[in-house]
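Enquirer:
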Ligand SMILES: Nc1ncnc2c1ncn2[C@@H]1O[C@H](COP(=O)(O)OP(=O)(O)OP(=O)(O)O)[C@@H](O)[C@H]1O
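Numbering (my numbering), first residue to last: 3 to 609.
Here it is, written out as structure tokens:
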């Protein structure tokens, strides 16, 4: 429950409204406790005396009290509704911001459904908690306290009988709270797992249908929902148990007080009006006592939701640490010798090249090692001692067997991951010192698996550069040979491409991703086998146009086919996470058996 205190920074801006609403609710609840006192006056006074005018007066007063109570509760609701939905929205926005900033390694580790459920169901539970239980636990507490005092004041012996279950109920509630908290955690985690399965099934619907796996998928889903149902039932049983006790014990006490009160009235030691008032007060306390179990349950779910929310929010963001060493002084000898052939940056388009005189320009990997955070501790690093120099304006092809670490190496340049040892420099500046935002304005990437967003074709391309103009868009589409099919879309570039661009073919998606990479005229271009889904004819056209872009860009291109390798000035061979050879395509073909095998496709055929 203490975790609920962590909501304060989000609730702080609306605290005035929240406190006012709580005060209004306490007043409304106290108004309901005045009703029995008016009843006592009515029964002992006008009713006993046969005073019809007095009865009407009392009735009218009761009506006014009832109306005031209803209006005050309505006012409370109005006071909290808008600010609390604002709190929910602010928390959701903060979560989304955090998710965008967390490292890729975090997203590798966390199932998407778990994140989705934290941003949806958990936050709804928090809003519900702030709307009801937070106020009503206070209101009910005050009502029970004031009501208890009134009961004891009206007739202390009857009051003590009626309040006798309070202590055992307090003990039972604390036991319930602990048990329910554990059950709520299980349920909310299972909802996260279920969301992951639903998301995967929706995204993978083509595979599921293509392989006729819908029945087995439905069975797996049913199993998960069955488990969730069992956990929900456990929660329901716990709730029924506390609700039952919260109802039965006070009802028994009320029955005992009623019998005792009736005897006292018969003995003439208690007035009928006092008994009526006493019973009315007791009945007014019924709901506050009964609902405590239910309110505690909601609070527990909110505490669990808070824990789950902050599990993500507490994840450390990656910070850009300044590098103490003078850039360019720590370089290990680089493959093929650090021959520096400075070529002006691509058309002078981008800033960021204030290179120290001593450091080699271009893209330099020096003794780079990388190990995935979730890799088994005894597994060798994915990349080991990678030392490679891509000169300014040069295009280097990266070739290697499947699983050799090519994608991993390319992911280090836009800082999707940071090396675990060694360093990378861009035009002599240490990548770790540049800062992610600037790195991403210098480096553009296109991955083999093109990811598009549910936006228009043009918007997807323009994501590659915030300040790109129509002319840049047309040029990028032309380079990627995407202008033809984009113009042929019903609304041209303004045509929505559907969720993940699934209304386009694989080759079309890949060309839009390539256009996105080149639209910002990046200084460094990283392409991970960007033409794999194209037919031979289109590939040749894209290569011809891409050649012009590559001529003025420092580029690293993962290549599987000789046609892509031929785009490059030189080739680096990655084998088992190490660079084992660097040279031109023809040199490697002549001198390196592994490279010759990879390029001949024999390896492919052997697999
Ligand atoms: N997120 C990850 N967590 C742990 N290991 C990973 C992760 N991503 C990749 N790996 C492992 O790293 C190794 C290199 O993978 P990588 O994708 O870089 O190879 P690749 O050379 O690009 O392969 P391909 O040519 O098939 O695309 C593989 O053994 C892979 O299992």
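Every residue, glycine too, gets a C-beta built ideally from N, C-alpha and C.
Can we say the region 491 to 509 touches the region 451 to 466, given the rule of at least three CB pairs closer than 8 Å?
Expert: yes
Enquirer: Per the DSSP calculation, residue 391 is bridged to which residue(s)?
Expert: Numbered from 1 along the chain shown, position 389 holds the residue referred to as residue 391. Residue 391 is bridged by DSSP to 366.
Enquirer: What residue does the beta strand (DSSP E) around residue 398 start on, and which one ends it?
Expert: Position 396 of the chain shown, counted from the first residue, corresponds to residue 398. 397 to 402 is the extent of the beta strand (DSSP E) around residue 398.
Enquirer: Measuring only the C-alpha atoms, how far is residue 254 from residue 241?
Expert: To locate residue 254, count along the chain shown from 1; it is residue 252. To locate residue 241, count along the chain shown from 1; it is residue 239. Between the alpha carbons of residue 254 and residue 241 lies a gap of roughly 20 Å.
Enquirer: Would you please state the rounded distance, in angstroms, between the beta carbons of residue 132 and residue 408? I believe it to be under 8 Å.
Expert: Within the chain shown, the letter at position 130 stands for residue 132. Within the chain shown, the letter at position 406 stands for residue 408. Not confirmed; about 50 Å, so no contact.
Enquirer: Considering only heavy atoms of ligand 1, does any lie closer than 7 Å to the CB of residue 377?
Expert: Position 375 of the chain shown, counted from the first residue, corresponds to residue 377. Under cutoff, so the answer is yes.
Enquirer: Alpha carbon to alpha carbon, what distance is there between residue 445 and residue 536?
Expert: The residue you call residue 536 lines up with position 534 of the chain shown. The residue you call residue 445 lines up with position 443 of the chain shown. In a straight line, the C-alpha of residue 536 is about 24 Å away from that of residue 445.
Enquirer: Can you give the Cα-Cα distance for residue 189 and residue 123, rounded to whole angstroms?
Expert: The residue labelled residue 189 in the question sits at position 187 within the chain shown. The residue labelled residue 123 in the question sits at position 121 within the chain shown. Going by the C-alpha atoms only, they are around 11 Å apart.
Enquirer: To test your reading of the DSSP string, which unbroken beta strand (DSSP E) runs of 3 or more residues are found completely within the region 544 to 606?
Expert: 556 to 560, 572 to 577, 580 to 585
Enquirer: At which residue ranges does the region 215 to 279 contain complete beta strand (DSSP E) runs of 3 or more residues, listed in the order of the chain?
Expert: none
Enquirer: Assuming residue 122 is part of the alpha helix (DSSP H), what are its boundary residues?
Expert: To locate residue 122, count along the chain shown from 1; it is residue 120. Residue 122 -> no alpha helix (DSSP H), and no H or E assigned at all.
Enquirer: Run the proximity test for residue 432: is its beta-carbon closer than 7 Å to any non-hydrogen atom belonging to ligand 1?
Expert: The count along the chain shown starts at 1 and reaches residue 432 at position 430. False, no ligand heavy atom lies under 7 Å from that Cβ.
Enquirer: Do the CB positions of residue 424 and residue 370 come within less than 8 Å of each other?
Expert: What you label residue 424 is simply residue 422 of the chain shown in a count that begins at 1. What you label residue 370 is simply residue 368 of the chain shown in a count that begins at 1. For residue 424 and residue 370, yes; Cβs fall inside 8 Å.
Enquirer: Could you tell me which residues DSSP pairs with residue 458 in its beta bridges?
Expert: Here the question's residue 458 lines up with position 456 in the chain shown. In DSSP, residue 458 forms a bridge with 498.
Enquirer: Between residue 374 and ligand 1, is there a pair consisting of the residue's CB and a ligand heavy atom that are separated by less than 7 Å?
Expert: Counting from one through the chain shown, the residue named residue 374 turns up at place 372. Checking every heavy atom of ligand 1 against the Cβ of residue 374, one is found closer than 7 Å.
Enquirer: Can you tell me whether residue 134 is helix, strand or coil according to DSSP?
Expert: Translated into the one-based positions of the chain shown, residue 134 becomes position 132. If DSSP states are grouped into helix, strand and coil, residue 134 belongs with coil.
Enquirer: Should residue 379 be labelled buried (16 or more other beta-carbon atoms within 10 Å of its own) or exposed?
Expert: Along the chain shown, read from residue 1 onward, the residue named residue 379 stands at position 377. Residue 379 should be labelled exposed.
Enquirer: Taking contact to mean 3 or more Cβ pairs, one atom from each stretch, closer than 8 Å, check whether the region 259 to 270 and the region 173 to 192 are in contact.
Expert: no
Enquirer: Whose C-beta lies closer than 8 Å to the C-beta of residue 279 among residues of the same chain, with five residues either side of it excluded?
Expert: Reading the chain shown from its first residue, position 277 is the one you call residue 279. Closer than 8 Å at the Cβ level, and outside the excluded window around residue 279, lie 38, 39, 41, 42, 45, 156.
Enquirer: Looking at the structure shown, is residue 510 part of a helix, part of a strand, or coil, going by DSSP?
Expert: The residue labelled residue 510 in the question sits at position 508 within the chain shown. Assignment of residue 510 by DSSP, reduced to helix, strand and coil, places it in the helix class.
Enquirer: Taking the C-alpha atoms as reference points, what is the distance between residue 136 and residue 200?
Expert: Counting from one through the chain shown, the residue named residue 136 turns up at place 134. Counting from one through the chain shown, the residue named residue 200 turns up at place 198. Near 33 Å, if we compare the C-alpha coordinates of residue 200 and residue 136.
Enquirer: According to DSSP, is residue 95 part of a helix, a strand, or is it coil?
Expert: Start at 1 with the first residue of the chain shown, and residue 95 comes out as number 93. Three-state DSSP puts residue 95 in a helix.
Enquirer: From residue 57 to residue 49, what does the alpha carbon distance come to, in whole angstroms?
Expert: The sequence position of residue 57 within the chain shown is 55, counting from 1. The sequence position of residue 49 within the chain shown is 47, counting from 1. Cα to Cα, the separation comes out at about 6 Å.
Enquirer: Is the CB-CB distance between residue 298 and residue 178 below 8 Å?
Expert: Here residue 298 corresponds to residue number 296 of the chain shown, with the count starting at 1. Here residue 178 corresponds to residue number 176 of the chain shown, with the count starting at 1. It is a contact, given that the beta carbons lie within the stated cut-off.
Enquirer: Are residue 516 and residue 532 touching if we call contact CB-CB under 8 Å?
Expert: Position 514 of the chain shown, counted from the first residue, corresponds to residue 516. Position 530 of the chain shown, counted from the first residue, corresponds to residue 532. A Cβ-Cβ contact shorter than 8 Å links residue 516 with residue 532.
Enquirer: Assuming the contact rule is C-beta atoms closer than 8 Å, residue 140 and residue 24 should be a hit. Round their C-beta distance to whole Å, please.
Expert: The residue labelled residue 140 in the question sits at position 138 within the chain shown. The residue labelled residue 24 in the question sits at position 22 within the chain shown. Sure, about 6 Å apart at Cβ, within 8 Å.
Enquirer: By the three-class DSSP mapping on this structure, what secondary structure does residue 424 have?
Expert: In the chain shown, the residue the question calls residue 424 occupies position 422. Strand, per DSSP.
Enquirer: Rounding to the nearest angstrom, what Cα-Cα distance links residue 164 and residue 197 in this structure?
Expert: Position 162 of the chain shown, counting from 1, holds the residue named residue 164. Position 195 of the chain shown, counting from 1, holds the residue named residue 197. When the Cα atoms are used, residue 164 and residue 197 turn out to be separated by approximately 47 Å.
Enquirer: Count the other C-beta atoms from every protein chain shown that fall within 10 angstroms of the C-beta of residue 510, then say buried if there are 16 or more, exposed otherwise.
Expert: For this step, residue 510 is matched to residue 508 along the chain shown. Buried, by the Cβ-count rule.
Enquirer: For residue 170, count neighbouring Cβ atoms within 10 angstroms of its own Cβ and tell me buried if that reaches 16, exposed if not.
Expert: Taking the first residue of the chain shown as 1, we reach residue 170 at position 168. Exposed, because fewer than 16 other Cβ atoms sit within 10 Å of the Cβ of residue 170.
Enquirer: Which same chain residues, not among the five before or five after residue 464, have their C-beta less than 7 Å away from its C-beta?
Expert: Looking up residue 464 in the chain shown gives position 462. For residue 464, where only same-chain residues beyond five positions count, the Cβ hits under 7 Å are 470, 475, 521.
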